[in-house]
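Written below as structure tokens is the structure these notes are about.
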Amino acid sequence: MPDTFSYPAEIECDEDGRYVATFPDFGWGATDGATVEEARAEAGDLLRELIAATMREGADLPGPSRAGKRQLLVAPPVPIALKAALYEAFRKAGVSQRRFARDLDIAESEVRRMLNPDHATKVATIDRALLQLGKRVTVTVGEAA
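Residues in the sequence shown are numbered from 1373 upward in steps of one, following the numbering used here.
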């Protein structure tokens, strides 16, 4: 399970003069912008969708590779990073949703919502679920790029 969900993005200028952002770790998806800054901002939205789509498919999230010299590290929005951490910890634990719900003393439908990347879940709820799975959330704040 990755301990971070920040992935390296490649931003290149295409033949039309637009800046195209891709995430090699995922192998699919692209977004663009008129400027490098716009492409960088769009890359965060793309990363959110790449993570969410992988979760919807029930596939493993790729581990982030190290950013190369021509790449920039993009962090996903905090809510999807927390959902991804829960998703990966839940999959690794190998428990059923029913059993996990029982362990948390909540309805199974709530577990399904917690694992749904498109459903808003309170941070405290995800934190509690991660603790049940033997994980904890830590926060690091850095300089804005």
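Note that beta-carbon positions come from the ideal geometry of N, C-alpha and C, so glycine has one too.
- Residue environment: residue 1404 is assigned as buried (16 or more neighbouring CB atoms within 10 Å of its CB, all protein chains considered).
- Taking 9 angstroms as the cut-off, the Cβ atoms of residue 1480 and residue 1470 count as close.
- Beta-bridge pairing by DSSP links residue 1446 to 1379.
- Residue 1465 holds the alpha-carbon nearest to the alpha-carbon of residue 1503 among 1439, 1465 and 1435.
- Looking at the DSSP output, residue 1384 bridges to 1392.
- Under the rule that a run must span 4 or more residues, the alpha helix (DSSP H) segments found entirely inside the stretch 1431-1478 read 1450-1465 and 1469-1476.
- Under the Cβ criterion (8 angstroms, minimum of three pairs), the stretch 1373-1390 counts as touching the stretch 1406-1422.
- With respect to the 9 angstroms criterion, residue 1379 and residue 1436 are classified as neighbours on the basis of their beta carbons.
- With contacts defined by Cβ atoms closer than 9 angstroms, residue 1493 and residue 1455 form a contacting pair.
- Comparing alpha carbon positions, the residue from 1462, 1438, 1484 and 1425 closest to residue 1506 is 1462.
- In the three-state DSSP reduction, residue 1397 falls in the coil class, being neither helix nor strand.
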